[in-house]
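Below is one structure, written out as structure tokens; comments come after it.
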Amino acid sequence: MPLRFYFPMLFPNYKIRILKNNMKKYILFAVILLLKVQLLANTKALSSNTDTVLILKNANVLNAEGTKFLKGKDITIRGGKIVKIGRSSKLIAGAKIMDLAGKYIVPGLIDAHVHVTAKYKNNLENTFKDLNYYLRHGITSVRDAAGDGEALLKAQTAIRKGERSGADVFFASFMAGDWYYNRGQNIRKEPYTPWEQRLIPGDDLDKAMAEAKACGATGVKLYHSFDKVFLKEIVRAAKRNGLKVWGHVMMYPAKPIEVAAAGVEVLSHVSMLEVMRTDTLFNRRTTPMAYKDSIIANIDIVPFCKMMKKRGAILDATLCVSGERDPWVFPLLKRVHEQGVMIDAGTDQIVDLKREFPRLIDELGYFVEKCGFTPAEALYSATQISADVIGQKKNRGSIELGKRADLLILESNPLLDINSLQNIQTVIQHGKIVDR
Numbered sequence: 001m002p003l004r005f006y007f008p009m010l011f012p013n014y015k016i017r018i019l020k021n022n023m024k025k026y027i028l029f030a031v032i033l034l035l036k037v038q039l040l041a042n043t044k045a046l047s048s049n050t051d052t053v054l055i056l057k058n059a060n061v062l063n064a065e066g067t068k069f070l071k072g073k074d075i076t077i078r079g080g081k082i083v084k085i086g087r088s089s090k091l092i093a094g095a096k097i098m099d100l101a102g103k104y105i106v107p108g109l110i111d112a113h114v115h116v117t118a119k120y121k122n123n124l125e126n127t128f129k130d131l132n133y134y135l136r137h138g139i140t141s142v143r144d145a146a147g148d149g150e151a152l153l154k155a156q157t158a159i160r161k162g163e164r165s166g167a168d169v170f171f172a173s174f175m176a177g178d179w180y181y182n183r184g185q186n187i188r189k190e191p192y193t194p195w196e197q198r199l200i201p202g203d204d205l206d207k208a209m210a211e212a213k214a215c216g217a218t219g220v221k222l223y224h225s226f227d228k229v230f231l232k233e234i235v236r237a238a239k240r241n242g243l244k245v246w247g248h249v250m251m252y253p254a255k256p257i258e259v260a261a262a263g264v265e266v267l268s269h270v271s272m273l274e275v276m277r278t279d280t281l282f283n284r285r286t287t288p289m290a291y292k293d294s295i296i297a298n299i300d301i302v303p304f305c306k307m308m309k310k311r312g313a314i315l316d317a318t319l320c321v322s323g324e325r326d327p328w329v330f331p332l333l334k335r336v337h338e339q340g341v342m343i344d345a346g347t348d349q350i351v352d353l354k355r356e357f358p359r360l361i362d363e364l365g366y367f368v369e370k371c372g373f374t375p376a377e378a379l380y381s382a383t384q385i386s387a388d389v390i391g392q393k394k395n396r397g398s399i400e401l402g403k404r405a406d407l408l409i410l411e412s413n414p415l416l417d418i419n420s421l422q423n424i425q426t427v428i429q430h431g432k433i434v435d436r
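If you read the sequence shown in full-length UniProt numbering, its first letter stands for residue 1, the second for the next number, and so on.
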């Protein structure tokens with residue numbers, strides 16, 4: 001018989017003392033083990049976090065409102081997000097540190113109207129080249145306003161996974177009415193993919209929007225051939241399905257003020273406001289006209305601007321596509337700006353890889369030099385307002401705690417000269433330094 005069976009008979013209280021002592025040992029052992037496991041976990045977590053920590057020190061940092069630079073500030077980035085702004089109280093072991101004394105940090109730029117797949121049907125590699133061109137020049141996000149949805153989704157996915165380098169792309173599902181497809185400039189019988197659809201009264205609009213959403217589209221681009229009644233139905237269906245609603249200023253037959261009233265969130269092309277002019281000869285012109293005061297004198301923009309502000313809508317001016325052809329759009333946009341309408345920065349351009357700088361730099365230059373914007377207002381358009389266009393104002397577009405670390409480090413002050421956006425030292429996307 002094992003010895004333990006004799007102990008209780010010989011010493012009745014001995015077994016109890018042994019059990020108590022053993023229990024204390026077991027508890028102490030368990031506590032030590034748990035502490036070791038926790039310490040190991042904390043060490044591993046710290047190691048994992050410091051691998052992705054970047055500290056930008058001593059820089060001039062644009063404030064959250066985009067109105068001035070805060071001198072000598074540090075930005076701490078962890079996991080792709082901004083986690084601290086201000087003097088770092090302590091250094092984090094393993095963090096990468098950049099001393100940026102004398103440099104200026106602004107949010108990554110956003111071109112709110114591009115067409116990256118327009119030249120390259122089914123050519124994904126060229127799409128990546130275009131998106132990488134944008135990124136290398138400080139444009140960290142773009143909105144593709146109509147293109148090959150399949151290629152755009154593949155590019156978007158690869159970039160967000162970190163498999164490829166390029167501007168983060170948000171894209172539209174293009175939608176137009178029957179006249180556009182069957183009696184207009186793009187005649188075809190069945191034009192339909194999830195990212196390109198014909199809509200007519202009686203269609204299952206929720207089905208159309210669900211298909212657009214499923215293909216990865218952030219929003220719908222409403223192009224042409226919608227009256228104000230049907231337009232309202234389309235807008236409501238898009239919003240029910242969680243899609244942004246983008247479109248042209250003029251929908252033919254829906255007029256600019258009707259487009260804004262219908263709830264379209266972003267209206268493209270300031271040049272289309274010419275339809276509000278009463279001069280019949282002007283509307284029938286067939287050749288480019290030099291700027292004259294009389295060209296815009298009869299355009300009453302006030303009711304349109306009031307409706308835009310009432311609905312919180314954004315004008316996507318696209319001066320790059322119209323200003324060089326029709327210089328009267330510059331004073332027209334100046335009038336819209338003076339009315340307090342939100343204006344984004346979108347170019348409506350395809351990429352020209354031979355250009356030293358992307359056309360967004362030209363667009364912002366037009367804002368400042370020809371349309372009465374201050375450099376701060378122009379930069380605000382290309383950051384916070386353009387972030388709002390793609391539904392990302394809470395996540396990007398300004399330098400604030402918790403937002404994505406999409407940043408542009410400049411050699412000089414863009415609030416003094418908007419062309420300072422050309423003088424890039426470093427581009428950071430989602431907390432990572434971009435290879436330029």
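Think of the CB as a built atom: it goes at the ideal place given N, C-alpha and C, for glycine as much as any other residue.
* Asked: Whole-angstrom Cβ separation of ILE343 and ILE385, contact assumed at under 8 Å?
  -> 7 Å
* So what does DSSP say about ASP144, is it helix, strand or coil? -> strand
* Apart from the five residues on each side of it in sequence, which residues of its chain come closer than 6 Å, Cβ to Cβ, to ALA317? -> Contacts found: VAL270, LEU333, ILE343.
* For GLN246, three-class secondary structure by DSSP -> Here the sequence assigns Trp to residue 246, which means Gln is not the residue at that position. It is a strand residue.
* **First and last residue of the uninterrupted alpha helix (DSSP H) at TYR223** => First-last for TYR223: undefined, no H or E at that position.
* To do: Return the Cβ separation of VAL61 and ILE105 in integer angstroms, given the expectation that the two are a contact with Cβ distance under 8 Å.
  => About 5 Å separates the Cβ atoms of VAL61 and ILE105, confirming a contact at the 8 Å cut-off.
* Asked: With a cut-off of 8 Å, does the C-beta of LEU231 fall near any C-beta of chain D?
  -> The structure shown contains no chain D; it holds only a single protein chain.
* Asked: From which residue to which residue does the beta strand (DSSP E) around GLU196 run?
  -> 196-198
* To do: Might you give, ordered along the chain, the residues of its own chain that have their beta carbon closer than 8 Å to the beta carbon of ALA208, omitting 5 neighbours on each side?
  => MET175, GLN197, LEU199, ALA237
* ARG404 classed as buried or exposed, judged by whether at least 16 other C-beta atoms fall within 10 angstroms -> ARG404 is buried by the Cβ-count criterion.
* Asked: Who are the near neighbours of LEU416 in its chain, counting only those whose CB is closer than 8 Å to its CB and skipping five residues on each side?
  -> PRO375
* **N-terminal and C-terminal residue of the beta strand (DSSP E) that LYS71 is part of** => 69-78
* In or out: THR76 buried (at least 16 other Cβ within 10 Å) or exposed? -> buried
* Secondary structure of ASN132, DSSP reduced to three states -> helix
* **Distance between ASP148 and VAL235 (C-alpha atoms, nearest Å)** => 22 Å
* Asked: Assuming TRP177 contacts PHE226 under a Cβ cut-off of 8 Å, what Cβ separation, rounded to an integer in Å, is found between them?
  -> Note that residue 177 is Gly in the sequence shown here, rather than Trp. Confirmed, Cβ separation roughly 5 Å.
* Within its chain, find whatever has a CB closer than 7 Å to the CB of GLU363; leave out the 5 residues flanking it on each side and keep chain order. => LEU319, CYS320, ALA345, THR347
* To do: Quick one: residues in its chain with C-beta nearer than 7 Å to the C-beta of LYS370, no 5 flanking neighbours on either side, listed in chain order?
  => PHE330
* Asked: On the three-state DSSP scale, how would you describe ALA172?
  -> Secondary structure of ALA172 (DSSP, three-state): strand.
* To do: Using beta-carbon positions only, say whether ILE390 and GLY138 come within less than 8 Å of one another.
  => No, the pair does not count as a contact, with Cβ atoms beyond the cut-off.
* **Reference ASN63; option with closest CA among PRO194, ASP74, ARG359, ALA95** => The residue with the shortest Cα to Cα distance from ASN63 is ASP74.
* Have a look at TYR366 and PRO414 and give me their C-alpha separation to the nearest angstrom. => 15 Å
* Asked: What do you reckon, are the CB atoms on PRO107 and GLY397 nearer than 8 Å?
  -> yes
* **DSSP three-state assignment for residue 489, whether helix, strand or coil** => Examination of residue 489 is not possible in this model, given that the chain is present from 1 through 436 alone.
* To do: Tell me where the alpha helix (DSSP H) around HIS337 begins and ends.
  => 329-338
* Asked: From the DSSP output, which residues share a beta bridge with ASP111?
  -> According to DSSP, which records beta bridges pairwise, ASP111 is partnered with VAL142.
* Asked: Using the C-alpha atoms, what's the distance from ASN123 back to VAL55?
  -> In the sequence under discussion, the amino acid at residue 55 is Ile, which differs from the Val named in the question. As the crow flies, the alpha-carbon of ILE55 is around 38 Å from that of ASN123.
* Excluding the five sequence neighbours on either side, which residues of its own chain have a C-beta within less than 8 Å of the C-beta of HIS248, listed in chain order? -> Correct list, in chain order: LEU222, TYR223, HIS224, VAL259, LEU267, SER268, HIS269, MET272.
* Roughly how far, in whole angstroms, is the beta-carbon of THR117 from the beta-carbon of ALA151, given that I think they are within contact range, below 8 Å? -> 5 Å
* Rounded Cβ spacing between ILE350 and LEU421 (contact assumed at less than 8 Å) -> Their Cβ separation, rounded to whole angstroms, is 21 Å, which puts ILE350 and LEU421 out of contact at 8 Å.
* Which word fits ASP406, buried or exposed, when buried means at least 16 other C-beta atoms lie within 10 angstroms of its C-beta? -> buried
* **6 Å Cβ shell around GLN156 - same chain, five flanking residues per side excluded** => VAL169
* To do: Would you tell me roughly how many angstroms separate the C-alpha atoms of ARG183 and PRO358, rounded to the nearest one?
  => 36 Å
* **C-beta contact flag for LEU131 and VAL427 at 8 Å** => no
* Straight-line Cα distance separating LYS213 from TRP246 -> 14 Å
* **Closest residue to GLU163 among TYR181, PHE128, GLU400 (Cα-Cα distance)** => PHE128
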